[in-house]
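K.L.:
Just dropping this structure here.
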């Protein structure tokens, strides 16, 4: 895959309870970081998961591809950078988590989301409009 064009970035700090007995972030926590990044991005774009759910629109994860590169540790600051690609009805969020102290890539993820509208797999025109400015430059 070509180099990711990042469209959103946010910072987070690793908390002690996110680490396992080895002193590194538990593998499942990385998914929390990516989800938090997506939610912040959606909020920035004026999309509310709760409000959309109440109208019968749900974005759900259909697939995730994960690559663990360098472990994160307690008190590390994470720079979460995100890109977005649309293929058919799928939205592919590319997540790269970097350790701020040395800018090392720690984690890479491609999260594929699809929309269910009233329980049916569908294209989401509302998401298409919100993301259009990011998807037109390919």
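Numbering (the working numbering), first residue to last: 11 to 148.
We put the beta carbon where it would ideally sit given N, CA and C, even for glycine.
No experiment lies behind these values; they were computed from the predicted model shown.
Mind checking residue 109: buried by the 16 CB within 10 Å criterion, or exposed?
P.N.:
buried
K.L.:
Quick one, which of 90, 136 and 25 has its alpha-carbon nearest residue 47's?
P.N.:
90
K.L.:
Cutting at 6 angstroms between CB atoms, please list the residues of its own chain near residue 11, excluding the five before and the five after it.
P.N.:
Residue placement at residue 11 cannot be trusted, given a pLDDT of 47 that sits under 50; what the coordinates show is reported in the next sentence. For residue 11, where only same-chain residues beyond five positions count, there are no Cβ hits under 6 angstroms.
K.L.:
With residue 41 as the anchor, note down where its alpha helix (DSSP H) starts and where it stops.
P.N.:
39-54
K.L.:
Starting from residue 79 and walking both ways along the beta strand (DSSP E), at which residues does that stretch end?
P.N.:
First-last for residue 79: undefined, no H or E at that position.
K.L.:
Hey, could you find the ends of the beta strand (DSSP E) residue 9 is sitting in?
P.N.:
Residue numbering for the chain in the displayed model covers 11 to 148; residue 9 lies beyond these limits and cannot be assessed.
K.L.:
Using the C-alpha atoms, what's the distance from residue 78 back to residue 56?
P.N.:
31 angstroms
K.L.:
Which residues does DSSP pair with residue 65 in a beta bridge?
P.N.:
Answer is none; residue 65 lacks a bridge partner.
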